[in-house]
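**Q**
Number of protein chains: 4
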Amino acid sequence: MATNFPLNRKLRMALVGGGQGAFIGRVHATAAVLDNRAALVAGCLSSDAARAKASAPDYDIPENRAYTSITELVQKEKALPADQRVDFVSVATPNHTHFEIAKTAAEAGLNVICDKPMTFDLKQAEELAEVVSKSGVVFAVSHNYTGYPMVRQVREMILAGELGEINAIRSNYIQGWLRTRLESSDQKQAAWRTDPKKSGAAGCFGDIATHAYNLGRYMTGLLPSEISCHLKTFEQGRALDDYGTALIKFENGAFGCVTASQISHGRENDLFIEIDGTKGAIQWRQEDPNTLVFRQNGQPHKLYTRNGGPYIGSLSAASCRLPSGHPEAFFEAFANVYRSAYDNMILRAEGKPFEKVDTIYPNVNDGVEGMYFIQQAVESSKQGGTWLPLKHPLARR
Amino acid sequence: MATNFPLNRKLRMALVGGGQGAFIGRVHATAAVLDNRAALVAGCLSSDAARAKASAPDYDIPENRAYTSITELVQKEKALPADQRVDFVSVATPNHTHFEIAKTAAEAGLNVICDKPMTFDLKQAEELAEVVSKSGVVFAVSHNYTGYPMVRQVREMILAGELGEINAIRSNYIQGWLRTRLESSDQKQAAWRTDPKKSGAAGCFGDIATHAYNLGRYMTGLLPSEISCHLKTFEQGRALDDYGTALIKFENGAFGCVTASQISHGRENDLFIEIDGTKGAIQWRQEDPNTLVFRQNGQPHKLYTRNGGPYIGSLSAASCRLPSGHPEAFFEAFANVYRSAYDNMILRAEGKPFEKVDTIYPNVNDGVEGMYFIQQAVESSKQGGTWLPLKHPLARR
Amino acid sequence: MATNFPLNRKLRMALVGGGQGAFIGRVHATAAVLDNRAALVAGCLSSDAARAKASAPDYDIPENRAYTSITELVQKEKALPADQRVDFVSVATPNHTHFEIAKTAAEAGLNVICDKPMTFDLKQAEELAEVVSKSGVVFAVSHNYTGYPMVRQVREMILAGELGEINAIRSNYIQGWLRTRLESSDQKQAAWRTDPKKSGAAGCFGDIATHAYNLGRYMTGLLPSEISCHLKTFEQGRALDDYGTALIKFENGAFGCVTASQISHGRENDLFIEIDGTKGAIQWRQEDPNTLVFRQNGQPHKLYTRNGGPYIGSLSAASCRLPSGHPEAFFEAFANVYRSAYDNMILRAEGKPFEKVDTIYPNVNDGVEGMYFIQQAVESSKQGGTWLPLKHPLARR
Amino acid sequence: MATNFPLNRKLRMALVGGGQGAFIGRVHATAAVLDNRAALVAGCLSSDAARAKASAPDYDIPENRAYTSITELVQKEKALPADQRVDFVSVATPNHTHFEIAKTAAEAGLNVICDKPMTFDLKQAEELAEVVSKSGVVFAVSHNYTGYPMVRQVREMILAGELGEINAIRSNYIQGWLRTRLESSDQKQAAWRTDPKKSGAAGCFGDIATHAYNLGRYMTGLLPSEISCHLKTFEQGRALDDYGTALIKFENGAFGCVTASQISHGRENDLFIEIDGTKGAIQWRQEDPNTLVFRQNGQPHKLYTRNGGPYIGSLSAASCRLPSGHPEAFFEAFANVYRSAYDNMILRAEGKPFEKVDTIYPNVNDGVEGMYFIQQAVESSKQGGTWLPLKHPLARR
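See below:
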């Protein structure tokens, strides 16, 4: 890798996934370039070769860089001169395909931004972590909610001790879109997300409880010790869970509760978290992401607003593009994850050292931890709620 | 009992508890007479004789009816002519004294309105239920939140099938006032509520989780089957729990989660419930009691307001005193529990039959169920979260 | 009047108005006794003699004190011994009858709590103020919103300078119930409120804009100088205004805007106020009365809650009956106006001096000011919005 | 212009303004390319030549297309082959420079996206409208709030008659950032916005009241007839207004009120609107842009959410990029204005006819109307609130 990386050089991106009917591929493509720090120049947009080619113009990807497999992508990109070759690959495909794609890219020395859950199962995740470790690439997992400025604000406050010792974390992710068996109609999203061969061991819990769990981990840095979980399938005939609650014990004695639902009428993407510490407590909701409630006994409830003033931490403030009162939202949060990863990609390109574990963005270790969470949740549920270990050796902090 | 009870005759009330430093006694006294259907004429305001006498003028209780024990109260009241004698006794004392007072009153044929938790332990509760059953008195337990018009609205909607089959109940009661060891200062409320000799087997769970659990039961009518619970004491040196989460399985397959906290900074009386059914979902919060959110996929979220229009059910509408937009609150809800009990007291006085199990107000059976909930929650927690039975033979429905 | 008034003596109340179909009479009767400091012992419940008698039992008023005219009431009550005679009269009748009733009572030395608008026109109001001044009675006007603890909190903050110099007041009172010509159906409330012979010169503006204007005056103490107003009648055939906006100049240079509507679909009693000062700004809404937003540049938005902690002022705290988080509402605010007037009634009964102008409760001067506001608003509107004087010589402060 | 414009051809953009210290230039650059339908290829980023050059790399503008004046830009771009030349110019400079830039671009046949207020005064605006009309270019004014999906939803609902006849519009835009004389410190934004030589005849009213007024016009399509306005300057020494209220009469008899403030402590960008119709009423707030309240008497309040279901209109739905519950915000709304203008730019490039007056995006006529609003507001205020005409011959509809 060249060490004289120009400061303003745009990173070159390849998108895997994102063909017609996809949702998250377009989000990746939009978020990645929001700050004009990257350009989408190559892709492998569908596992179907014809569709891969046909979708390329939607993203301005030239025909000769519209690949039909990750192998082809890696091979042909590596054959390009270093100053044309893609810098990173974004993986936005169904869960069961992440591993092969991410591994191939990482082994080829390409940085990776991978959708979550990171892999199909824990074994793959651990193997991938090893590949990443060996290859030295930058690897981010799209727990995109960690990109919200007010989420980062909470993290800053907690790590700075403003909430004191953390006692309790309650986080829910409540949706309603799978209230009926949408998968038996022609809905592509519903189809693969409820199919154990594509989605993995968990449905609702893999798709969204992982976000709710990750959010608490990211905000607090608390290390978990054990999990007890109960998964439910309320829609008859569905192969995976569509509801569940997990209890979590943390090493410091804190107690957590994570509930996820995809069968709650009218609920959209209601990711909600409350954290209680000995000195203060916070509350944040994804559907209203620009505000944060901070409470302390005997004082007025305080509403922090994004970029709202000197009370906002430096990381949080640096994660904003607009003045307070002009709302930022999902795309900008997603872009913040990218932006944080870019900083490290540039350090890597310049041959400089960069943080690999306690990164601002969720990394491969967080991805492993997410897979471990899913595995233990499913296993605990099978055993009727038995407490199982939850601390993975790779867990950050 | 006289059968020719005049329609507008005011019921005569005796208050037990409510002396200086008490909170809930004054609430009972205020709520009981809000609709001018009762008058407070006698009392036993403190277990301390001098204070009992001294407090009487605060309530306009004449000296000769300011008793110093429930035994004296019953004896002297029974000696009065029927048209002067009290009709009911309100019990607003610390938990460990409820049983003796309520039993004595019921055995004397006096109707009872009793604070919750109803007794010190389950055994007392079951015995009390038997006494009540034998005596035929009207017996209400002050799960006062059931008196909110929008809570009754939910109950009407669910019993009428508007939410379909119920799948999930999530209810939290979050407070912060015991974040520090208030009990070691001179705070009377904190002192007895955290003292196992006065409060019973549970602290936070007996005091407020019971409300959160009862609310779901009252709204849905679902019968529970099992409970798994984890209680925590975060304030060092405290004798009882100040935080906990219980998971509940219901007979129809529904899944519940109840969390209660008294250590969440800045939180006041945040009783919050969400219920998911196959046809719709609701959300209600005690601190904003005049509204209710009803959601159905594909439709706008609907905000129901108290007394807001023809979409409001008849019981809910009859529980209002003011037009919509003029908020009603805690006192009025409390008074609604009283008012519903009065209807039965009058039927009883007139010698007419009245509903004893599926009452609008929480009754002695609900009180038993509450004590069973506490007992099984504490026991499950001791066993590390073992699933224990939760359906009590006396549970309503 | 006896000067040795016992501290705990209950005040005796007579209610004028409040017969069947009435709304506000019951509110007065309930609020007046909420704190057990008064008892309703006499009444003149309807201008229809038969209905006056028939309604008496609803309020426990004995037949011999159920009068059929204010003249009879005054005459017969004055004939009673001082320790039985009523202490005050509450006037809850349609606007056009207030004057005669209030004047008769005041001239007889009875204290008065009078509904707003205080009289039919300004002339009556000024005459009444003179009568009150001469008689020395306690006279309160039921601008009941001033009784909300958070309204009083704002008043305390502003008078203490916490908001700095006040620049702007924006207050709206938005309703929807007169969106159709309800008055042409049998609706008693709608009928008299839209009838110029009973309601006075203004409809919506007399009924609710007066509250919105009074609220700003009460909170800030700013003296008005001029008003410019535009009234509209959107429902064809209606005799009085059902919508309007008034601009107000205050003596200190502040600018105000009051909008009232009775034709806004779905709106209930949305009285809303924002006040901007050089040091801070507040926001309060009647439909959510237990919270108050206080803002200062560069700081988190602060949500004050009723009785929420040491940041609450002493008057506000003393206006609460329940701990924070247990909502209080309309009845309790109404009762606070009564309670404040009672304090003065007792001082008067004891022959002690009491504040007559800058009272906690809205008094006869505020009533005059309200009538002046209506008169000048209507006149300005007739003249196409001409600026007219608004400062009445009797205006408080 | 070529008529065989390829469907997916990216439009080429030049940015004028946007150098260091600028806010809105970056917003334009980001929004313009959000959907990958345009590329920023040229610019004139500052009136200072050195800064113009220095800022170019921030936007990836090649040095040879980093111009130092609009004249140079037009001249050199026109010299380029048609398939390289810019398609449109975005004007993001202080108000007093808009006219010259926009006129020069339009006369050269380049489409224009211009910040608001569109020009320095009305005369310029009218002249510009004529230039645009003659040149046939697409001309959009960045009343960006019209791009919010829920704003477009309201427009669709009202134009379809769902609210019935419109009676009242209340819109406020409340900020606090100019509470102190920020302009006397080194704040670039504050400096030009409060300078009559750069900002125009109005300060707060030109900057933000225009948005509040435009929003009502866009949503309802109602034509105004007259305006009465009062402007205030609360910060001593400030040259322009920092607060004001305008009353507006509409041709159909509706009544409007627009208040704008820049001196309200802690307020950010609180643009808020309520509209009352004979069949329904709506409420929307920019700081919470993904929801909309729709109310009808007798029915539950309805909360519409962005992209929330079949109740959402086609234009509103087409203005969304994400599923409901994943919030979209300011950038996306801004991008929607661009996107709507692009549709017309493509039609123009293809030689096809396109709508010029009743466009989805705010156009040059709206710009003229905005300037007329400012002129008449300022003039009315000078005359003490005299009613002045407000309907401009070019007003749309």
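Residue numbers (UniProt numbering), protein chains in the order written: chain A, 1 to 397; chain B, 1 to 397; chain C, 1 to 397; chain D, 1 to 397.
Heads up, the beta-carbon is just placed ideally off N, CA and C, and yes, glycines get one too.
Quantities reported herein were computed from a predicted structural model and do not represent experimental measurements.
Select from the region 274-292 of chain C all residues with a C-beta closer than 8 angstroms to any C-beta belonging to chain B, and list them in chain order.
**A** So the list reads Gln286, Glu287, Asp288, Pro289, Asn290, given in the order they occur along the chain.
**Q** Using 8 angstroms as the Cβ pair cut-off and three pairs as the minimum, do the region 106-125 of chain C and the region 269-288 of chain C touch?
**A** Segments in contact, no.
**Q** For Arg397/C, tell me which candidate among Glu107/C, Leu159/C, Ala140/C, Gln75/C has the shortest Cα-Cα distance.
**A** Within the third sequence, numbered from 1, the residue matching residue 397/C stands at position 397. That would be Leu159/C, whose Cα lies nearest to the Cα of Arg397/C.
**Q** Quick one: which chain D residues come within Cβ less than 8 angstroms of Cys257/C?
**A** Looking up residue 257/C in the third sequence gives position 257. Near Cys257/C (Cβ distances below 8 angstroms), the residues of chain D are Thr245, Cys257, Thr259.
**Q** For Ala329/A, would you say it is in contact with chain D, using Cβ-to-Cβ distances shorter than 8 angstroms as the test?
**A** Here the question's residue 329/A lines up with position 329 in the first sequence. So, interface residue.
**Q** Can Ala201/D and Ile374/D be called in contact, C-beta distance under 8 angstroms?
**A** In the fourth sequence, residue 201/D corresponds to position 201, counting from 1. In the fourth sequence, residue 374/D corresponds to position 374, counting from 1. Contact flag set, yes.
**Q** Pull up the CB-CB distance for Met150/D and Arg306/D, whole angstroms please, since I reckon it's below 8 angstroms.
**A** By one-based count along the fourth sequence, residue 150/D stands at place 150. By one-based count along the fourth sequence, residue 306/D stands at place 306. Yes, they are in contact, since the Cβ atoms of Met150/D and Arg306/D sit about 6 angstroms apart, within 8 angstroms.
**Q** Measure the Cβ-Cβ separation of Ser142/C and Ile113/C and say whether it is below 8 angstroms.
**A** Translated into the one-based positions of the third sequence, residue 142/C becomes position 142. Translated into the one-based positions of the third sequence, residue 113/C becomes position 113. Yes, the pair counts as a contact, with Cβ atoms nearer than the cut-off.
**Q** Comparing alpha-carbon positions, which option in Arg179/B, Leu45/B, Gln236/B lies nearest Ser261/B?
**A** By one-based count along the second sequence, residue 261/B stands at place 261. That would be Arg179/B, whose Cα lies nearest to the Cα of Ser261/B.
**Q** Flag this pair as yes or no: are the beta carbons of Asn363/D and Lys198/D separated by less than 8 angstroms?
**A** Residue 363/D sits at position 363 when you count from the first residue of the fourth sequence. Residue 198/D sits at position 198 when you count from the first residue of the fourth sequence. No, they are not a contact pair.
**Q** Across which residues does DSSP place Gly266/D in a beta bridge pair?
**A** If you number the fourth sequence from 1, residue 266/D lands on position 266. Looking at the DSSP assignment, Gly266/D forms no beta bridge with any residue, so it has no partner.
**Q** CA-CA distance, Asn365/B and Leu34/C?
**A** Along the second sequence, one-based indexing puts residue 365/B at 365. Along the third sequence, one-based indexing puts residue 34/C at 34. Each residue's alpha carbon lies about 31 angstroms from the other.
**Q** Rounded C-beta distance between Ile169/D and Asn252/D? I'm assuming under 8 angstroms.
**A** Numbered from its first residue, the fourth sequence carries residue 169/D at position 169. Numbered from its first residue, the fourth sequence carries residue 252/D at position 252. Not quite, the Cβ-Cβ distance comes to about 11 angstroms (not below 8 angstroms), so this is no contact.
**Q** When the cut-off is 8 angstroms and only beta carbons count, does Thr3/B lie next to chain C?
**A** Along the second sequence, read from residue 1 onward, the residue named residue 3/B stands at position 3. Residue confidence is low: Thr3/B scores 36 on pLDDT, short of 50, so the model does not pin down where it sits. No coordinate-derived value is stated.
**Q** So, for Glu369/C: in the same chain, excluding its five sequence neighbours on each side, which residues have a beta-carbon less than 6 angstroms away from its beta-carbon?
**A** Taking the first residue of the third sequence as 1, we reach residue 369/C at position 369. Closer than 6 angstroms at the Cβ level, and outside the excluded window around Glu369/C, lie His392, Ala395.
**Q** State buried or exposed for Glu328/A, treating a residue as buried only when at least 16 other CB atoms are found within 10 Å of its CB.
**A** Residue numbering aside, residue 328/A sits at position 328 when the first sequence is read from its first letter. It is buried - the Cβ of Glu328/A has at least 16 other Cβ atoms within 10 Å.
**Q** Could you check the C-alpha separation between Ala212/D and Gly237/B for me, to the nearest Å?
**A** One-based indexing of the fourth sequence puts residue 212/D at position 212. One-based indexing of the second sequence puts residue 237/B at position 237. So the alpha carbons of these two residues sit roughly 58 angstroms apart.
**Q** How big is the Cα-Cα spacing for Glu126/D and Leu182/A?
**A** Here the question's residue 126/D lines up with position 126 in the fourth sequence. Here the question's residue 182/A lines up with position 182 in the first sequence. Glu126/D and Leu182/A: Cα-Cα distance of roughly 55 angstroms.
**Q** Rounded to the nearest angstrom, what separates His377/D and Tyr304/A at their Cα positions?
**A** By one-based count along the fourth sequence, residue 377/D stands at place 377. By one-based count along the first sequence, residue 304/A stands at place 304. It is Ala, not His, that sits at residue 377/D in the sequence shown. Distance between the alpha carbons of Ala377/D and Tyr304/A: 35 angstroms.
**Q** Here's the rule I'm using: 16 or more other beta-carbon atoms within 10 Å means buried, otherwise exposed. How should Asn144/D be labelled?
**A** As a working note, residue 144/D is residue 144 in the fourth sequence. Its Cβ being crowded by 16 or more others within 10 Å, Asn144/D is buried.
**Q** Given that a residue counts as buried once 16 or more other Cβ atoms are within 10 Å of its Cβ, and exposed if not, what is Gln383/A?
**A** As a working note, residue 383/A is residue 383 in the first sequence. With fewer than 16 Cβ atoms within 10 Å of its Cβ, Gln383/A is classed as exposed.
**Q** Based on Cα-Cα distance, which residue from Asn64/C, Glu379/C, Phe139/C, Ala239/C lies nearest to Ile101/C?
**A** Locating residue 101/C in the third sequence gives position 101, where the first residue counts as 1. Among Asn64/C, Glu379/C, Phe139/C, Ala239/C, the Cα nearest to that of Ile101/C belongs to Phe139/C.
**Q** Note down, in chain order, all residues in the region 175-194 of chain B with a beta-carbon under 7 angstroms from any beta-carbon belonging to chain C.
**A** So nothing in the stretch comes that close.
**Q** Going by alpha carbons, who is nearest to Asp270/C out of Phe330/C, Ser319/C, His326/C, Ile70/C?
**A** Working through the third sequence from its first residue, we reach residue 270/C at position 270. Checking every option, the nearest Cα to that of Asp270/C belongs to Phe330/C.
**Q** Name the chain D residues whose beta carbon is nearer than 8 angstroms to that of Glu332/A?
**A** If you number the first sequence from 1, residue 332/A lands on position 332. Within chain D, the residues near Glu332/A are Ala329, Phe331.
**Q** Pull up the distance between the alpha-carbon of His98/A and that of Ala92/A, whole angstroms please.
**A** In the first sequence, residue 98/A corresponds to position 98, counting from 1. In the first sequence, residue 92/A corresponds to position 92, counting from 1. Using only the alpha carbons, I get a separation of about 8 angstroms.
**Q** Counting C-beta neighbours from all protein chains within 10 Å, is the total for Asp186/C 16 or more, i.e. buried, or is it exposed?
**A** Indexing the third sequence from 1 puts residue 186/C at position 186. Asp186/C should be labelled exposed.
**Q** Under the assumption that Ala32/D contacts Ile70/D (Cβ atoms under 8 angstroms), give the Cβ distance between them as a whole number of angstroms.
**A** Start at 1 with the first residue of the fourth sequence, and residue 32/D comes out as number 32. Start at 1 with the first residue of the fourth sequence, and residue 70/D comes out as number 70. Not quite, the Cβ-Cβ distance comes to about 18 angstroms (not below 8 angstroms), so this is no contact.
**Q** For Asp276/B, which beta-bridge partners are listed by DSSP?
**A** In the second sequence, counting from the first residue as 1, residue 276/B sits at position 276. Note: Asp276/B sits in a beta bridge opposite Ala168/B, Ala281/B.
**Q** In the DSSP assignment, the alpha helix (DSSP H) including Arg348/B goes from what residue to what residue?
**A** The residue you call residue 348/B lines up with position 348 of the second sequence. Element bounds for Arg348/B: 330-349.
**Q** Cα-Cα, which of Asp276/B, Gly17/B, Leu215/B, Ala50/B is closest to Gly161/B?
**A** Residue numbering aside, residue 161/B sits at position 161 when the second sequence is read from its first letter. Here the closest residue by C-alpha is Asp276/B.
**Q** Leaving out the 5 sequence neighbours to the left and right, which residues in its chain are closer than 6 angstroms to Ala246/D when beta-carbon positions are compared?
**A** Numbered from its first residue, the fourth sequence carries residue 246/D at position 246. Same-chain partners within the cutoff: Ile227, Cys229, Val258, Ala377.
**Q** If we call anything under 8 angstroms between Cβ atoms a contact, is Ile208/A one with Glu235/A?
**A** Locating residue 208/A in the first sequence gives position 208, where the first residue counts as 1. Locating residue 235/A in the first sequence gives position 235, where the first residue counts as 1. For Ile208/A and Glu235/A, no; Cβs fall outside 8 angstroms.
**Q** Taking only three categories from DSSP, how would you classify Arg12/C?
**A** Here the question's residue 12/C lines up with position 12 in the third sequence. Residue state, collapsed to three classes: strand.
**Q** At what residues does the alpha helix (DSSP H) containing Ile158/B begin and finish?
**A** The residue you call residue 158/B lines up with position 158 of the second sequence. 149-159 is the span of the alpha helix (DSSP H), which, as asked, contains Ile158/B.
**Q** Of all the options Ala82/B, Ser90/B, Phe250/B, which has the alpha carbon lying nearest to the alpha carbon of Ala349/B?
**A** Here residue 349/B is taken as the residue at index 349 of the second sequence, counted from 1. Measuring from the Cα of Ala349/B, the nearest candidate turns out to be Ala82/B.
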